[in-house]
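Worksheet for the structure shown next.
In full-length UniProt numbering, the protein residues as written are 1 to 148.
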């Protein structure tokens, strides 16, 4: 009986070693999966942040376009209303695009993304301008009135 017991014990020990090796491999595999999920989460958060920054920039550009349109309206003359309608449509499209981009992203993002602040140009303006004499006007200048 002892002769049969020793081979069974050796066989059981070999099976336990195989199970232990399989557990180590499974632990390594689950660690790699965990690391991949963390990297995916980080990339998802970066994409959400970039999307919000693009949305904020788009909104700022639409606002600047409206301000520019209001400034240009001061210089409008008769017969220029067709161009103004095109600008109005462009601003409307920009606003719609900004609203779509600002819509919440499906899925969960753990940390809130920081909304981008509008930046300023970091490059200095190029020199080499010219002198413009505004002292003398032409006949059309009388059509305009200064708005405070």
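Think of the CB as a built atom: it goes at the ideal place given N, C-alpha and C, for glycine as much as any other residue.
Beta-carbon separation (whole angstroms), residue i vs residue j, contact threshold 8 angstroms
i          : j          : result
residue 98 : residue 62 : 6 angstroms
residue 94 : residue 58 : 7 angstroms
Own chain, CB closer than 8 angstroms to residue i, minus 5 neighbours either side, in chain order
i          : result
residue 90 : 65
residue 74 : 144 and 147
Own chain residues within Cβ distance below 6 angstroms of residue i, not counting five before or after
i           : result
residue 102 : 55
residue 1   : none
Own chain residues within Cβ distance below 7 angstroms of residue i, not counting five before or after
i          : result
residue 69 : 87 and 91
Quick one: any contact between the region 85–95 and the region 44–51, if contact means 3 or more CB pairs under 8 angstroms?
Output reads no: the region 44–51 does not touch the region 85–95.
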